[in-house]
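First residue of the sequence shown: 1, per my numbering; consecutive thereafter.
Built from N, CA and C at the ideal position, the CB exists for glycine as well.
Bear in mind the structure is a predicted one, so any value in this text is a computation, not a measurement.
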Amino acid sequence: MAANNPDVGCENGTISDLSEPQRLFINGSYCPSSDGATFSVSNPMTGVSIYECASSTVDDYSRAIDCASLAFNSWSRASPSARRLVFLKAADILESYLHSDAPAILSSEVSATKSWIRVNILATVGILRETAGLVTHIKGEIVPADRPGTTILIEREPLGVVFAISPWNAPVNLTARAIATPLICGNTVVLKPSEFSPKSQHLVVRALHAAGLPPGCLNFLPVSPDRTPAVTEYAVKHSAVRHVNFTGSDRVGRIIAGWAATCLKRCVLELGGKAPVIILDDANLDDAVEAVVFGALANAGQICMSTERVLVHNSVAEKFKGALLRRTKSIRVGNHEEDPEISISGLFSAASAKRVQALLDGAVASGAKLLCGDISTSGPNETIMSPHVVDAVTPAMDIFHKESFGPLICLSPFETDEEAVSLANSTDFSLCAAVFSRDVMRALDIARRVRAGSCHINGPTVYIEATLPNGGTGGSSGYGRFGGIAGVYEFTEPKIISLGKSGMRYAF
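Shown next as structure tokens:
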């Protein structure tokens, strides 16, 4: 049956036809929602509907969780080699999608530029290959016992069913991150993709299914916006779901954390960012400019690690601004569907563009100075925004504290290292940061004082590798870590097993 062919992008077998409906994937088979409901997925650049997607019901989620629970019994006992081979094969398959339908899907669903498409696919290939290697690092230990005749083992066991929610902004990469470590550790997964990018996120599901991942181990259930609150709450609170991971906004993260708290359920919440870059008086300004422009404007600033605030020492501020403006104005902006060589295309929705405009308007009204950009939008659906550089941004302004998710560079001056650290730590976000200085030990001291899950010295805020424990340190950036051994600890549970010799006597 064509609907269950894992090597095609659409269910009629025609890879190039993006208009084909997207169905649910439960227990190794494609199916409509239990009530036949669908929702429209639109091209954000044009606002035109691309295809209809099945909208899951609570009953669909119930069935998927039951199937995942059943599949856990065998997948959790699969050999390390068997799990590793599935992941390595899936990585090869996913890489081949770069030369088939992945570019068209990502371009249509999330306005991905040519470079962002490559990043999504190739970084995800790296995640799958690196995660495959983790399978033999799921290790326990033997602990010496005070009690005579006793041996103590501590094993790491998979949890069971994991509910994963991944976003649209890096749809392939972040979907793989949400499911890869849970699966390699022997868990099974129920995945809720974003309503904005089901087919982009389905690429990972396709690759794993084609690689031989057994039925029930990974279930894919898109949901329409109107049904999302009910089905998400149901899945989070389901007794068979042992862990929840969510990547997205802090507003939704707080809701999910609240639901999980009612049943004392563990979560990884990788939420928003307001990443600061501190540029000290001895910084290499050319390096700083290059890193800031990349960190702030890659994917039009729609990355949780995007550089949102640039704190510049007064003594180098004017020179830095001049170089920054020259570099920023050299970036090509436009409609990626008309010009595939542009670096910045449209935002993911017209509403997002309006929200960014409101932040800019508010900052200017409060005394900030617009050095680059005119707060206008363009394109068929008014989603294209040119880069904006805003000077004299202060903590009294919303733009200093609220995540923009747009092509903005906000500049704030400082005089001392202590002031820089204070400004960096003055928002509720804690995901990542960067420091620029020729004095590495001075930069290291500041990096240790900045409240962030990662702080990069002489490099951009947008930097992560599959081996690294990415995540915030609380507040609006959330808690818990993906990646590497930290991910293994997150998606397994330590279990104490003691072995006692026969004939022991116990006094009481």
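- With contacts defined as CB atoms closer than 8 Å, K321 and L371 qualify as a contacting pair.
- Taking the CA atoms as reference points, K274 sits about 48 Å from A145.
- Per DSSP, L221 is not a residue of any alpha helix (DSSP H), being assigned neither H nor E.
- Going by DSSP, C67 is part of the alpha helix (DSSP H) stretching over 58-75.
- Taking the Cα positions, A78 is about 13 Å away from P215.
- Around the beta carbon of D101, 16 or more other beta carbons lie within 10 angstroms, which makes this residue buried.
- The DSSP-derived three-state label of A507 is coil.
- In the structure shown, the three-state DSSP call for N173 is helix.
- Judged by DSSP in its simplified three-state form, E382 adopts coil rather than helix or strand.
- Counting only runs of 4 or more residues that sit fully inside the region 66-131, the alpha helix (DSSP H) segments are 80-97, 102-110, in chain order.
- In the three-state scheme derived from DSSP, where H, G and I count as helix and E and B as strand, Y489 is classed as helix.
- For R309, the enclosing beta strand (DSSP E) stretches over residues 307-313.
- Per DSSP, the continuous beta strand (DSSP E) segment holding H456 begins and ends at 454-457.
- In this structure, G295 lies near T461, with their beta-carbon atoms less than 8 Å apart.
- Taking A350 as the centre and dropping the five residues before and after it, the same chain places the C-beta of N381, E382, T383 closer than 6 Å to its C-beta, in chain order.
- With a cut-off of 8 Å on Cβ pairs, the region 250-258 is not in contact with the region 212-227, counting fewer than three such pairs.
- Under a 10 Å Cβ-count criterion, F508 is classified as exposed, with fewer than 16 other Cβ atoms of the shown protein chains found around its own Cβ.
- Here the alpha carbons of V310 and H401 stand approximately 13 Å from one another.
- CA-to-CA, the gap between S386 and R449 works out to about 34 Å.
- Around the CB of M305, 16 or more other CB atoms lie within 10 Å, so the residue is classed as buried.
- K199 is positioned such that its CB atom lies closer than 8 Å to that of Q22.
- Per the coordinates, the alpha-carbon of S366 lies some 15 Å from the alpha-carbon of V389.
- Note that the C-beta distance between A452 and V435 is not below 8 Å.
- Taking the CA atoms as reference points, T188 sits about 6 Å from A68.
- K354 and W75 have their alpha carbons spaced roughly 46 Å apart.
- Of the candidates D281, N120, Y61, A82, the residue whose Cα lies closest to the Cα of G212 is A82.
- DSSP places P198 inside the alpha helix (DSSP H), whose first and last residues are 198-210.
- Relative to the Cα of R505, the nearest Cα in the group P80, T150, H336 belongs to T150.
- Within the model, the alpha-carbon separation for P494 versus H137 is close to 14 Å.
- The DSSP assignment places 266-270, 275-279 as complete runs of the beta strand (DSSP E) inside the region 245-293, in order along the chain (cut-off: 3 residues).
- Contact between N245 and A164 holds, since their C-beta atoms are separated by about 5 Å, short of 8 Å.
- By DSSP's assignment, R156 forms a beta bridge with P494.
- For A132, same chain residues with a beta-carbon under 6 Å away, outside a window of 5 residues either side, are R84, F87, L88 in chain order.
- Within the same chain, Cβ atoms closer than 7 Å to the Cβ of W168 are found at V110, S194, F196, S197, F348, the five residues on either side in sequence being excluded.
- By the Cβ criterion, the region 26-35 is in contact with the region 53-61, since at least three pairs of Cβ atoms, one from each stretch, lie closer than 8 Å.
- In the DSSP assignment, H388 falls outside any alpha helix (DSSP H) and lies within the beta strand (DSSP E) extending over 388-391.
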